[in-house]
Amino acid sequence: TSRNPRSTVGTITEVYDYLRLLFARIGKPHCPECGRPISRQSPQAIVDRVLELPEGSRFQVLSPLVRGRKGEFVDLFADLQTKGYSRARVDGETVQLSSPPTLKKQEKHTIEVVVDRLTVKESAKRRLTDSVETALGLSGGMVVLDFVDLPEDDPERERMYSEHLYCPYDDLSFEELEPRSFSFNSPFGACPECTGIGTRMEVDPELIVPDEDKSLDEGAIHPWSHGHTKDYFGRLVGALADALGFRTDIPFAGLPQRARKALLYGHKTQIEVRYRNRYGRERVYT
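Per my numbering, residue 9 is the first one in the sequence shown, and the count goes up by one each step.
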């Protein structure tokens, strides 16, 4: 048998090639976060689903233009009003675009323009189709139907539809299923951490620092305590200590958590390292 970590019963028997084709052709994608099925909806399919609801149900057609983004959106409000829209829903509240709210720039907002207000009935099919197509065009393929007669806490109060393979509940987009989506040798769709192998490299603090009673000066970090790289890593530790303000002559166990984390897993900000080479010249790098 093969020792390749990607080898399975399916690959050895070559049945995997047939399974990839089968899954790609008849598979039904589901959101990996919430488990809901994902499908694309044409404007006509959305209209047909709405007309299946009880006649007389009142709803408004919304086009989601901003979803959880920071900003004031002054220009957006002005542009919508210029295009003839009179209402929008901002962070759940319906507002008049003639007097839009002043939004806080550093807070996240959701803005949905009210495209139309309708009642479920067969005679409104043409108007509903036009409104749905308009909403999809404004938002790049998404439309929200808000059934105003239902309580706000009713899960059926709002229904979101998309022309794409998209989960509106978790804000995740997906590509069409293809055989390569199930390929054991393709990074496409594979776990980004293990690349599909099932194992990953991780830091084991107990192996890196076997004796926490030692200080950094005494070689607490075992891989850096010997060999020709000792001086190099010593300079890095010294620069990090200066930047974060911790001592290198106390036991590793006594270091602040921030320092321990930076030493073991890295520091996000670049740090300037200064040293003198064997010719006495000062060198600087980050």
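Glycine included, every Cβ here is placed at the ideal spot set by N, Cα and C.
- Contact annotation: L158 and F67 have beta-carbon atoms that are not nearer than 7 Å.
- Closest in alpha carbon position to A96, among E120, G79 and T90, is E120.
- Take F190, set aside five residues on each side of it, and the residues of its chain with a beta-carbon closer than 6 Å to its own are R28 and F31, in chain order.
- At the C-beta level, Q89 and L111 stay beyond 7 Å of one another.
- For R266, the enclosing alpha helix (DSSP H) begins and ends at Q265 to Y273.
- K133: member of the alpha helix (DSSP H) spanning K133 to S147, first to last residue.
- K129 places its beta carbon 7 Å or farther from that of K78.
- For Q104, the beta-bridge partners assigned by DSSP are R95.
- One thing to note: S71 has its Cβ within 7 Å of the Cβ of L146.
- One Cα belongs to D219, the other to I46, and the distance between them is close to 52 Å.
- Counting along the chain, the unbroken beta strand (DSSP E) around K116 starts and ends at K116 to T127.
- Using a 10 angstroms sphere on the CB of Y169, the tally of other CB atoms reaches 16 or more, which defines it as buried.
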